[in-house]
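Read through the structure below, which is laid out as structure tokens, and then see the notes.
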Amino acid sequence: MISLVVHGGAWDIPDDLVDAHKAGVQAALKAGWAILSKGGTAVDAVERAIMVMEDDETFDAGTGSFINMAGEVELDASIMSGKKFQAGAVASVQHVKNPISLARKIMEGNEHILLVGMGATRFAKEHGIKTCSQDDLITNRELDRWREIQGRKNFITKDAFRRKKVPVDTVGAVAIDNHGNVASGASTGGTPNKYPGRVGDSPLIGCGTYADNEIGGVSTSGWGESLIKVVMAKTVIDLMDHNGGDPEQAAEDGLKILVRKTEGYGGIIAVNNKGRIGIAFNTPRMARAYVTSEMRAPFAAT
Ligand code: GLY
15 MISLVVHGGA
25 WDIPDDLVDA
35 HKAGVQAALK
45 AGWAILSKGG
55 TAVDAVERAI
65 MVMEDDETFD
75 AGTGSFINMA
85 GEVELDASIM
95 SGKKFQAGAV
105 ASVQHVKNPI
115 SLARKIMEGN
125 EHILLVGMGA
135 TRFAKEHGIK
145 TCSQDDLITN
155 RELDRWREIQ
165 GRKNFITKDA
175 FRRKKVPVDT
185 VGAVAIDNHG
195 NVASGASTGG
205 TPNKYPGRVG
215 DSPLIGCGTY
225 ADNEIGGVST
235 SGWGESLIKV
245 VMAKTVIDLM
255 DHNGGDPEQA
265 AEDGLKILVR
275 KTEGYGGIIA
285 VNNKGRIGIA
295 FNTPRMARAY
305 VTSEMRAPFA
315 AT
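For reference, each letter of the sequence shown is one residue, going 15 to 316 in this note's numbering.
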């Protein structure tokens, strides 16, 4: 069975943004599935699905990302292939339109796994990855949000997360192709008004992303500071390894660990090595969509 699951963030998505989130994950799924269903690779499908969401201003990834305390967009992304345990990631990178493609380029270079800041931008320029201005990534919606936050006296992201209200529209995808190869990826602009240089779970292999052909793949969303502490993606992979390969149970048990140990919030998408999909979230909403070769029609919900 070949499968693709995508997410567009786990948080308290407001009613007026629900339709855009659903349409966004559906478009990402369609683009990824167009590759996977024609015999394309899991890595290609994951990259393509995430690029679609990075280009969609609805989500906190690529264009439309949250703006940091210094008024800049800094992006994080990672991708992992479970075939040969290859991985690539970027953190706090600026001026890159699709950080997931930069992460993939780093993965394929087979020399480094994680590049940050100016080094990541330099690598993008040297390897033909599309660069852009800050203005190309900043939308009016996020500029308004940033200005509103600057006007507040005590904006503390940590406290806001506890109310599950902070938007974390991190996007992600996990796929298995017809050769049994698993891939997963994540991309995000991080949290609103983050400290410059702040890095969340998304670019950290094992925290935001993990893939192992023998077990499956995972991508996470939510409060990065808590997801990092429990090494969320690898924890779910290990749970799946020890529960007979049940991705739903593993995702749910992973979230229980997150809550028990960190009081964290978020969402998890997982695929096992047979193509079965599991999704769990403890936020009011999570934008998500999936399809397998055994389904008559894709599923999407927010
Ligand atoms: N989960 C995305 C972040 O915290 O940056």
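For each residue, glycine too, the CB sits at the ideal point set by N, CA and C.
Next item on the list: Measure the alpha-carbon distance for residue 136 versus residue 111 and round it to whole angstroms.
Entry: As a first step, residue 136 must be located in the sequence shown, where it is residue number 122. As a first step, residue 111 must be located in the sequence shown, where it is residue number 97. One C-alpha to the other measures close to 14 angstroms.
Notebook entry, point to check: So does residue 233 have its beta carbon nearer than 7 angstroms to some heavy atom of ligand 1?
Noted result: Residue mapping note: residue 233 aligns to position 219 of the sequence shown, counting from 1. It does not: the Cβ of residue 233 is nowhere closer than 7 angstroms to a heavy atom of ligand 1.
Next item on the list: Give me whichever residues DSSP pairs with residue 287 in a beta bridge.
Entry: Locating residue 287 in the sequence shown gives position 273, counting from the first residue. The partner list for residue 287 (beta bridge, DSSP) is empty, contrary to what the question assumes.
Check: From this set, 95, 245, 68 and 102, which residue's C-alpha is nearest residue 21's C-alpha?
Finding: For the purposes of this step, residue 21 is taken as residue 7 along the sequence shown, with counting starting at 1. For the residues 95, 245, 68 and 102, the minimum Cα distance to residue 21 belongs to 68.
Notebook entry, point to check: On the three-state DSSP scale, how would you describe residue 311?
Noted result: As a working note, residue 311 is residue 297 in the sequence shown. Coil, per DSSP.
Margin query: Quick check: residue 75 and residue 62, are their CB atoms within less than 8 angstroms of each other?
Written below: In the sequence shown, residue 75 corresponds to position 61, counting from 1. In the sequence shown, residue 62 corresponds to position 48, counting from 1. Going by C-beta atoms, residue 75 is not nearer than 8 angstroms to residue 62.
Item checked: Unbroken beta strand (DSSP E) run spanning residue 21, endpoints -> Here residue 21 refers to the residue found at position 7 when the sequence shown is read from its first residue. Unbroken beta strand (DSSP E) run through residue 21: 17-25.
Next item on the list: Have a look at the DSSP bridge pairing and note the partners of residue 232.
Entry: As a working note, residue 232 is residue 218 in the sequence shown. DSSP lists 224 and 284 as partners of residue 232.
Checklist line | Distance between residue 114 and residue 297 (C-alpha atoms, nearest Å) | finding: On the sequence shown, residue 297 is found 283 positions in, with the first residue counted as 1. On the sequence shown, residue 114 is found 100 positions in, with the first residue counted as 1. So the two alpha carbons sit approximately 25 angstroms from each other.
Check: In or out: residue 299 buried (at least 16 other Cβ within 10 Å) or exposed?
Finding: Here residue 299 refers to the residue found at position 285 of the sequence shown. Classification of residue 299: buried, given that the 10 Å Cβ count is 16 or more.
Notebook entry, point to check: Taking Cβ positions, are residue 288 and residue 15 nearer each other than 8 angstroms?
Noted result: Against the sequence shown, residue 288 aligns to sequence position 274. Against the sequence shown, residue 15 aligns to sequence position 1. Yes; because the gap between Cβ atoms is below 8 angstroms, this pair is in contact.
Notebook entry, point to check: Can the beta-carbon of residue 104 be found closer than 8 angstroms to that of residue 116?
Noted result: Position 90 of the sequence shown, counted from the start, is the residue given in the question as residue 104. Position 102 of the sequence shown, counted from the start, is the residue given in the question as residue 116. Yes, they are a contact pair.
Check: Going by beta carbon distance, what residues of the same chain come within less than 6 angstroms of residue 197, once the five residues before and after it are set aside?
Finding: The residue given as residue 197 occupies position 183 in the sequence shown. Hits under 6 angstroms: 56, 57, 60, 95, 189 and 225.
Check: At a cut of 8 angstroms, does the region 227-234 reach the region 276-291 through at least three beta carbon pairs?
Finding: yes
Next item on the list: Report the option in 268, 191, 85 and 244 whose CA atom is closest to the CA atom of residue 54.
Entry: Indexing the sequence shown from 1 puts residue 54 at position 40. When only C-alpha atoms are compared, the closest one is 191.
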